[in-house]
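Participant: Let me begin by handing over the structure; questions about it come next.
Numbering (my numbering), first residue to last: 100 to 1084.
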């Protein structure tokens, strides 16, 4: 009795009195002002109730911290004062249970989807605020927080599904044995995967579901075909949960972990699923199924299905094939070490080094290895798995305790990151100031104090992970020395290659023999050949660590044949063995970069620069590097060569960052644009000076280069042309130049523009700098190459078509004097902010989209730009919104499509739900476009693409494989086209 007394006392204390931790409020005056402004507008009764609750210091500290650091939570606080009072007065455990139970009753009796959507979203909002407060205030340990989030998700899925089935029952399509529980005996099975399956959901998590149906055990009316019926039910359930309304959403639903999602419907028969797992299931699917748990539908049937799938997951013997699976799983799950240096700013606490994924992988791999023989290892939750592994002597208790502490710390970091804006992010901010703010929200007084704890935990995880995976799991170090020149007849060499993970050892042995005995140009120098022979064990080991080892050998052979001189490169690789796998990735996925490396092997230097995987260089740093490259140029031709080499090195380094997944598409687009802008500005100055020496200058002359298109919007790719316009001005009373060979105004600037174009496009020993497209100038090809500013302004005001003003939304001055830049920007802003007829503009935009579809086609989903619901749709929506709203809301204007979407939502001219669709789609398209433009010349055809490239693309799309990526792409394009039709028509 006495033992329970403290618990009873605790349950009688309101939540506001239980908080024991909170943020460090770094700007208390501003936070107090923000909180006070809201409190002062409340009804007196509510204000008094909150004043009493906030007498508890920790409670007030938490609300101040939310006001300062978390726009999302502060919106929840301000949206409903009665809800906040209810939460702060409650006992959280029974309150959450009561919330779920009450909502379940309301959903079951709801008259229609609108009422259901309202009830579910109110549940989510109150539960989200309650759980966040329990997390921030340390009322609940972090794993109780994840369990509460999972309970909420499971309940929401069950409610939505039960409502849909109830309506199908009312229509006579199903005849359940228990009308109060129509899911029983329905044949419908919903498996929770990933963190939901393990009871470990994070704060702003998607929920991963797989929906199956047993066509031989349903409660369907005999006239109803199972698959179309269950597909409709699944879609209706997902829509209830994830469709954004004025009240937000419940959970984002991801159905792409099902077998072959690009080719299968969202509900798949159990028979087809079992056949797939037996014949085609892959390592990542085995790992995913460790956490699979029936969460809705017919739970008994779900447990039976999980049992049937078990032989696929849990192998009885640790044979060679299983060991190869583990190696393959490592390659799939461990992205190339772009984050091999544990850091703070920008570090991803989920997939970065020492992160959550490494702890999960540490446990899952050992479960896969031994779970077939030891059923007690088949635990879903990560911490339970670690405990079972320790109790079974697979890991030490010290490893369990250290990894448990690190996991709990990192999960709390992850939650706090996601509480800021309800985004599924796992990366810390990129700059120290933003990390300082986050550290304060997390309860630390400084960035440095947080960094010490974070790096300490990351290093602990990395230490255990490294000992497990970076030792010698196959015993290869115990093998005797092998003769790499012996060829495929040497069984010991074949066994060695097999043990390293090569699937075609005879092919590899033959290729390696040719390297050592053949006549490769790069290896003709004796010193280089000797260094290469000495490097061979490290090279083979590095290639074995590539994502596709056999393909990496083929790609390296192709590279070696093309390599002109190899001594320095081979020396670099031998001294930096971790670089081999990265070079293999480049060669396998991006032949364009491989050819560049073969022609100019010195560009690999940038990869061993310690700054390579750090922050991308900004414009100032790039300008410094460019100036250093050009300072010793002794002729115009040398200058052009050095410019081209600088451009190629920059493209290679940025491209490698894209492939390794260490920069986002947006960062890469900005980096490509920074390089282009630096080069354009440099060429502009050089050519202008040279031209003046020949033809003199015109009095008061000014020239400016305007970036349009992808350079204007800072969304460039590796293969982007430069869309440019040249504008000029001068003293109109004295239009002739003062040189020995005088030219009149228009002729002077037309020839200057031709010189500029030639500087970019002339082919030298280092190729072409950029292709230049000037068709966006006034009157296009029919107009002069350069336009005087007043003529440009007059044309835009009187003659330009709607599509030309759409293009002008991306116009950006990139090389000009400050005064001339201001004049040009005023002209552009004046054009964009003039009042327009919305209906007429919408009609013009829709007509242009139809014309493009007719000319380019829109049926190929992998034509990301022109596909229905592709990039052009998003660009046109952003441009249309600017043209029709900038007169009243000039703050909508921005050259960046993503920024325009954010502005439009903030200004109330784009629904938040539509903005969310467009944001996600734009980022996905940019990620994939960067890779395709980098790796593919011409049209992308998945069937003709190598596995390396498909894996890089799947990783960029945050999907487990390429089939899931294609399914995500199709779903996204449907949603974008829906938004386009709703906004533009």
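Backbone N, C-alpha and C fix where the C-beta goes; we use that ideal spot for every residue, glycine too.
Does residue 801 come out as helix, strand or coil in the three-state DSSP assignment?
Facilitator: Strand.
Participant: By a C-beta neighbour count over all protein chains shown, 10 Å radius and 16 as the cutoff for buried, is residue 831 buried or exposed?
Facilitator: The residue is exposed, with fewer than 16 neighbouring Cβ atoms inside 10 Å.
Participant: Since residue 443 is in the beta strand (DSSP E), which residue starts that stretch and which ends it?
Facilitator: Here residue 443 belongs to no beta strand (DSSP E), and DSSP marks it neither H nor E.
Participant: Please report the distance separating the alpha-carbon of residue 608 from that of residue 602.
Facilitator: Residue 608 and residue 602: Cα-Cα distance of roughly 12 Å.
Participant: Report buried or exposed for residue 446, applying the criterion of at least 16 other Cβ atoms within 10 angstroms of its Cβ.
Facilitator: Buried, because 16 or more other Cβ atoms sit within 10 Å of the Cβ of residue 446.
Participant: What does DSSP give as the partner residue(s) for residue 309 in the beta ladder?
Facilitator: 290
Participant: Since residue 41 contacts residue 583 with CB under 8 Å, what's their CB separation in whole angstroms?
Facilitator: The first residue shown for the chain is 100 and the last is 1084, placing residue 41 beyond what the model contains.
Participant: Looking only at its chain, what residues have a beta carbon closer than 6 Å to the beta carbon of residue 511, apart from the 5 residues adjacent to it on each side?
Facilitator: 241
Participant: How far does the alpha helix (DSSP H) with residue 619 in it reach, from first residue to last?
Facilitator: Element bounds for residue 619: n/a, residue is neither H nor E.
Participant: Excluding sequence positions up to five away, which residues of its chain have a Cβ less than 7 Å from the Cβ of residue 847?
Facilitator: 794, 797 and 836
Participant: Let's see if you can read the secondary structure: which residues bound the alpha helix (DSSP H) around residue 972?
Facilitator: 970-984
Participant: Compute the Euclidean distance between the alpha carbons of residue 617 and residue 476, then round it to the nearest angstrom.
Facilitator: 51 Å
Participant: Going by C-alpha to C-alpha distance, which of 290, 1005 and 987 sits closest to residue 406?
Facilitator: 290
Participant: What does the alpha-carbon distance come out to for the pair residue 1068 and residue 383?
Facilitator: 20 Å
Participant: Residue 659: which of 898, 631 and 741 sits nearest, CA to CA?
Facilitator: 631
Participant: Given this structure, state the Cα-to-Cα distance separating residue 230 from residue 165, to the nearest angstrom.
Facilitator: Here the alpha carbon of residue 230 sits roughly 14 Å from the alpha carbon of residue 165.
Participant: For residue 763, which residues of its own chain have a beta-carbon under 6 Å away from its beta-carbon, when the five flanking residues on both sides are left out?
Facilitator: Answer for residue 763: no residue qualifies.
Participant: Please list, in chain order, all residues of the same chain as residue 858 whose beta carbon is under 7 Å from its beta carbon, the five residues on each side excluded.
Facilitator: Cβ-Cβ distances below 7 Å link residue 858 to 739, 782 and 786 in the same chain, with the five nearest sequence neighbours on each side left out; the list follows chain order.
Participant: Between which two residues does the beta strand (DSSP E) holding residue 912 run?
Facilitator: 911-914
Participant: I need the straight-line Cα distance from residue 1055 to residue 385, nearest angstrom please.
Facilitator: Going by the C-alpha atoms only, they are around 22 Å apart.
Participant: Among all the DSSP beta bridges, which residues are the ones paired with residue 863?
Facilitator: In the DSSP output, where bridge partners are listed per residue, residue 863 has 866.
Participant: Apart from the five residues just before and just after residue 991, which ones in its own chain have a Cβ nearer than 8 Å to its Cβ?
Facilitator: Closer than 8 Å at Cβ, skipping near neighbours: 980, 981, 984, 985, 999, 1002, 1003, 1006 and 1008.
Participant: Suppose only complete runs of 4+ residues qualify. What are the alpha helix (DSSP H) ranges in the segment 504-585, listed by chain order?
Facilitator: Segments of the alpha helix (DSSP H) lying fully in the segment 504-585: 531-540 and 546-568.
Participant: Could you check if residue 824 is buried or exposed, using at least 16 other CB atoms within 10 Å of its CB as the buried criterion?
Facilitator: buried
Participant: Applying the criterion that 16 or more other CB atoms from any shown protein chain within 10 Å of the CB defines a buried residue, is residue 465 buried or exposed?
Facilitator: buried
Participant: Are there any heavy atoms of the ligand ZN lying less than 8 Å away from the beta-carbon of residue 899, as far as the coordinates show?
Facilitator: The ligand ZN is absent from the structure shown, which contains no ligands of any kind.
Participant: Using the DSSP secondary-structure output, state which residues sit across from residue 827 in a beta bridge.
Facilitator: Beta-bridge partners assigned by DSSP to residue 827: 802 and 887.
Participant: Please tell me whether residue 144 and residue 162 are closer than 9 Å, where the distance is taken between their beta carbons.
Facilitator: no
Participant: Does the count of Cβ pairs from the segment 303-311 and the segment 344-355 closer than 8 Å reach three?
Facilitator: yes
Participant: Just the C-alpha distance for residue 573 and residue 558, rounded to the nearest angstrom, thanks.
Facilitator: Note that residue 573 scores 35 on pLDDT, short of 50, meaning its location in the model is unreliable; the coordinates nonetheless yield the value given after this. If I take the Cα positions, the gap works out to 25 Å.
Participant: Drop a sphere of 10 angstroms on the beta-carbon of residue 921, count the other beta-carbons inside from all chains shown, and report buried for 16 or more, exposed for fewer.
Facilitator: exposed
Participant: Where does residue 368 sit, in a helix, a strand or coil, going by DSSP?
Facilitator: strand
Participant: Going by DSSP, what residue range makes up the beta strand (DSSP E) through residue 247?
Facilitator: Per DSSP, residue 247 belongs to no beta strand (DSSP E); it is in the alpha helix (DSSP H), 241-269.
Participant: Taking the CB atoms as reference points, tell me whether residue 365 and residue 391 lie closer together than 9 Å.
Facilitator: no
Participant: How big is the Cα-Cα spacing for residue 636 and residue 606?
Facilitator: 17 Å
Participant: So, for residue 883: in the same chain, excluding its five sequence neighbours on each side, which residues have a beta-carbon less than 7 Å away from its beta-carbon?
Facilitator: Closer than 7 Å at Cβ, skipping near neighbours: 845 and 849.
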